[in-house]
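Undergrad: Numbers given in the numbering used here equal positions in the sequence shown, counted from 1, plus 31.
All residues carry an ideal CB built from backbone N, CA and C; glycine is no exception.
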Amino acid sequence: MEVTKNSADQISLEKAVELTHSYQENNPDLPKSYFIGTNKLNELLSQDGGIGVRIYPGLDKVTNKVNLVLVGVDQTGEDLTNGVIVDHLVICPPLCPKDSKLIK
């Protein structure tokens, strides 16, 4: 697989439910989902030379809480570490969608 503007695959709702429910069953103490607002996502995507976003798992050593770190990626597949880097995504729980089939 290459790093391009088209990297990743679109999946069906059924496959998404299968994947998310399996993850949640096997990791009951970890977040079920993360939310990022469009303004922050657009800041990541609109960087010069950016073709996408890479997502790293992160762990706050003080709180021992898991979150994600998002960074733009350029056309050579390298992180845009001199640009916008985002963390502190909204975690579910406690802020979960009320009616999502992706939450078990």
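Could you give the DSSP three-state label for Lys96: helix, strand or coil?
TA: strand
Undergrad: So what does DSSP say about Val121, is it helix, strand or coil?
TA: strand
Undergrad: Beta carbon of Asp118, beta carbon of Asn98: below 7 Å?
TA: yes
Undergrad: Excluding the 5 residues preceding and the 5 following Leu61 in the sequence, name in chain order all residues of the same chain whose CB lies nearer than 7 Å to its CB.
TA: Val97
Undergrad: If you count every other CB in all the chains shown that lies within 10 Å of the CB of Lys63, and 16 or more means buried, which is it?
TA: buried
Undergrad: Taking its Cβ as the centre, do 16 or more other Cβ atoms sit within 10 Å of Thr104, making it buried, or is it exposed?
TA: Position check: residue 104 holds Val in this sequence, whereas Thr was assumed. It counts as buried.
Undergrad: Please go through the same chain and pick out, in chain order, the residues whose beta-carbon is closer than 6 Å to the beta-carbon of His52, but skip the five residues on each side of it.
TA: Lys135
Undergrad: Which same chain residues end up closer than 8 Å to Tyr65 when comparing Cβ atoms and leaving out the 5 residues on each side of it in sequence?
TA: The residues are Asn98, Leu99, Leu120, Val121, Ile122, Cys123.
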